[in-house]
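**Q** Just so you know, the sequences run in chain order A and B.
Quick note on numbering: our numbering labels position 156 of the first sequence as 156, and the sequence is numbered without any gaps.
Quick note on numbering: our numbering labels position 111 of the second sequence as 111, and the sequence is numbered without any gaps.
Can you read through this structure? Questions will come right after.
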Amino acid sequence: MIRILLMLIVFGLFSCSAKTELKPEYLRHTGDIPADSSVDDSDFELCGEEDAVLQYFNFGDSDKYEGERIAICDYFQEHYQPVSIDESGWIRVRFIVNCHWQTGRFRMIESDENYNERPFDKAISNQILELTKSLKGWIGYENEERGLDYYQYLVFKIENGSITEVLP
Amino acid sequence: MHIRSLIFVVFISFLGKAAHAQYNCEWFKAQGNMVRYQACLEANKSNEFYQFSKEFHEVYDRVMEMDPTWALPYRAKSVSYLKSGDFINWKKLIDQAVAYDTVTYLGYRAGCRFQFFRDYKGAIEDCLLLKKVMNNDMGYTANGQYHLDIVLALSYKALGDPNKAIETILERHQEANYMMGIFDMLHLGVLYAEQGDLQKAKACFEKQEAFNDLAENRYYLAMVYKELGQKENYIEQLEKAKSLYTIGLKMNDPYQAPMDKIYLKQIEIALAEHF
């Protein structure tokens, strides 16, 4: 009887975890970033509604950054201090650009070179996050009625503590 | 920056309603695969939703529950993660698609690894496996810009093997009925130029000019003229590069900057330089 009960409990637990994995809770859109007053700059505000934030590629090939992508690459080349450590992979910093050319709601994900989630040494990740927050020049957009907001991200390819690519 | 609202209305409407064409579910029915037929009918409901949306993903979650070994829903769900830079969730999903339908999705994964994450090692692994499976003909990337042999070649170049890159491109170009990629000759020209083979580089840039004239081939041709000591040609090509760039005739991709792309700043610096 005890054995049967244990089996039922184990099976029940397994079923619950499997169910949770199959039915994730989605936000409005993939990659949406809800405001979090515990980490976000309180001065940053959207120009439009929360449910109207666009994606960077919704603007076609128009420039998203003053001086184009090469200016972003130059910025990180100039300011990032390589860290001597055997860590490689990718870091993505995602954020919102509002119509006033301001950025906010920065969030980071990190993986090794096999795309497995794992944190980098803080000397790398904190540096990249702070440099991304300090990066000015993202172009704000507006249409005839109102200001627009959009999600932008930067992906950093890291090889042994150095940035080898800044994408997109 | 002011963008006319009409553009947004048209564009968002397009995104919202035209995620993909309807799948031909009758084919599965004709095969007697009723599980996939039902899953396919469910998948067609995603057509109403934007691929980033909660509703789109919920449709494909149901499809995955109905037919867990059908690769298509994993690929469909992976796209919004790819376009939002979420390499972790993208890779988990696309790996499942590849596991369930290697022939269809391995080349797609290779192209994405190259284009979105500059994962040259991963792209090479995928391409080499696909070449074996497909008897050396891998086909093109999803956006049609490259034959996957060009992706393979550029990945070799990025990992420091330009000779293998040139060899791979030339081998593909020799194939009968090869459909030339829109940047092929540009990339080949840059490879030759970097190897110091200026005459071959020049010939490639001139072929690129005839096929698909861009600011980039003019810029790199200017660099060849610089090496050859031909100042007038150098300046003429740079001015042409600037002119093409200004009217939008440049390497472009809405998601990622292509390899060998140049920027206005580079043209202007070259023009300002003493020859």
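Cβ atoms here follow ideal geometry from the backbone N, Cα and C, with glycine treated the same way.
Quantities reported herein were computed from a predicted structural model and do not represent experimental measurements.
1. Measure the beta-carbon distance from Cys73/A to Leu148/A and round it to whole angstroms, keeping in mind my assumption that it falls under 8 Å.
2. DSSP state of Thr102/B, grouped into three classes?
3. Quick one: residues in its chain with C-beta nearer than 7 Å to the C-beta of Phe87/B, no 5 flanking neighbours on either side, listed in chain order?
4. List the DSSP bridge partners of Met138/B.
5. Is there at least one Cβ from chain A nearer than 8 Å to Ser80/B's Cβ?
6. Buried or exposed for Leu154/B, going by 16 or more other Cβ atoms inside 10 Å?
7. Starting from His29/A, find everything on chain B with Cβ-Cβ shorter than 9 Å and list it in chain order.
8. Listing by chain order, which chain B residues have their CB less than 9 Å from the CB of Arg92/A?
9. DSSP has Tyr65/A in a bridge; who is on the other side?
10. Report the option in Asp61/B, Asp253/B, Asn212/B and Tyr192/B whose CA atom is closest to the CA atom of Val224/B.
11. For Arg278/B, which residues of its own chain have a beta-carbon under 6 Å away from its beta-carbon, when the five flanking residues on both sides are left out?
12. What is the rounded straight-line gap between the Cα of Ala97/B and the Cα of Tyr37/B?
13. By Cβ distance below 6 Å, which residues in the same chain neighbour Glu117/A in space, the five residues on each side in sequence not counted?
14. Within 10 angstroms of its Cβ, does Gln115/B collect 16 or more other Cβ (buried), or is it exposed?
15. Quick one: does Val155/A have its CB under 8 Å from some CB of chain B?
16. Do Ile269/B and Tyr245/B count as a contact pair if the criterion is CB distance below 8 Å?
17. Check whether chain B comes within 8 Å of Ile70/A, counting only Cβ atoms and requiring the distance to be less than that.
18. Using a Cβ-Cβ cut-off of less than 7 Å, give me the residues of the segment 99 to 115 of chain A that come near chain B, in sequence order.
19. In chain B, which residues lie with their C-beta within 9 Å of the C-beta of Leu167/A?
20. Does the pairing of the segment 177 to 184 of chain B with the segment 141 to 148 of chain B give three or more beta-carbon distances under 8 Å?
21. Name the chain B residues whose beta carbon is nearer than 7 Å to that of Gly67/A?
22. Measure the Cβ-Cβ separation of Tyr220/B and Gly196/B and say whether it is below 8 Å.
23. His279/B versus chain A: which residues are under 9 Å apart at the beta carbon?
24. Which of the three DSSP states, helix, strand or coil, is assigned to Gln77/A?
25. For Lys122/A, which of helix, strand or coil comes out of DSSP?
26. Given that a residue counts as buried once 16 or more other Cβ atoms are within 10 Å of its Cβ, and exposed if not, what is His157/A?
**A** Concretely, from the data shown:
1. Incorrect: roughly 26 Å between the Cβ atoms, too far for contact.
2. Three-state result, Thr102/B: helix.
3. Excluding sequence neighbours, Phe87/B sits near Phe117.
4. Secondary-structure assignment with DSSP links Met138/B through no beta bridge to anything.
5. Ser80/B counts as touching chain A.
6. Under this definition Leu154/B is a buried residue.
7. Those are Tyr50, Phe52, Ser53, Lys54, Ser80 and Ser84, listed as they occur along chain B.
8. Under the 9 Å cutoff, chain B gives Ser84, Gly85, Asp86, Phe87 and Ile88.
9. Residue pairing for Tyr65/A: DSSP places it in a beta bridge opposite Trp138/A.
10. Comparing Cα positions, the closest option is Tyr192/B.
11. Chain B is shown from 1 up to 275; residue 278/B falls before or after that span and cannot be answered.
12. Between Ala97/B and Tyr37/B, the C-alpha separation is close to 18 Å.
13. Cβ within range, chain order: Ser111.
14. Counting Cβ neighbours within 10 Å, Gln115/B comes out buried, since at least 16 surround it.
15. Answer yes: the Cβ-Cβ gap between Val155/A and chain B drops below 8 Å somewhere.
16. No, Cβ-Cβ distance for Tyr245/B and Ile269/B is not below 8 Å.
17. Using a CB distance cut-off of 8 Å, Ile70/A counts as an interface residue toward chain B.
18. The residues in question are Ile109, Ser111 and Tyr115.
19. Within chain B, the C-beta atoms nearer than 9 Å to that of Leu167/A come from Gly85, Phe116, Phe117, Arg118, Gln256 and Ala257, in chain order.
20. Per the Cβ contact rule, the segment 177 to 184 of chain B is in contact with the segment 141 to 148 of chain B (3 or more Cβ pairs under 8 Å).
21. Lys265, listed in chain order.
22. With a cutoff of 8 Å on beta-carbon distance, Tyr220/B and Gly196/B are scored as not near each other.
23. Shown here, chain B extends from 1 to 275; a query on residue 279/B therefore has no answer.
24. Gln77/A sits in a helix when the DSSP states are folded into three classes.
25. In the structure shown, Lys122/A sits in a helix (DSSP, three-state: H, G or I).
26. In the sequence as displayed, the identity of residue 157/A is Lys instead of His. The residue in question, Lys157/A, is buried, as its Cβ has 16 or more Cβ neighbours within 10 Å.
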